[in-house]
Amino acid sequence: MRRHLAAAGREPAVRSNGRYAISCLFVVSVLCGVFWVAAYLAVSRWFGWAG
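Here it is in structure tokens:
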């Protein structure tokens, strides 16, 4: 993960830096949301809370 972030940091994205950062944060937040939903469903199914 750190290697990927370092490689992305070296990319010349100075012109659209703000838009790039906003889109990156948006993608990261969406991925985190999907991860937490999947984790909640897995845990609830494991403990029998769902349904």
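Position 32 (the sequence shown) corresponds to 31 in numbering that gives the first Met the number 0; numbering is contiguous. Just so it is clear, CB atoms sit at the ideal spot from N, CA and C, and this is done for glycine as well.
Query, Result
"Roughly how many angstroms separate the alpha carbons of serine 43 and valine 26, rounded to a whole number?", "26 Å"
"Which value, in whole angstroms, describes the spacing of the CA atoms of glycine 32 and asparagine 16?", "24 Å"
"To the nearest angstrom, report how far apart glycine 47 and serine 28 are at their CA atoms.", "28 Å"
"Considering glycine 17, what are the terminal residues of the alpha helix (DSSP H) in which it resides?", "16-46"
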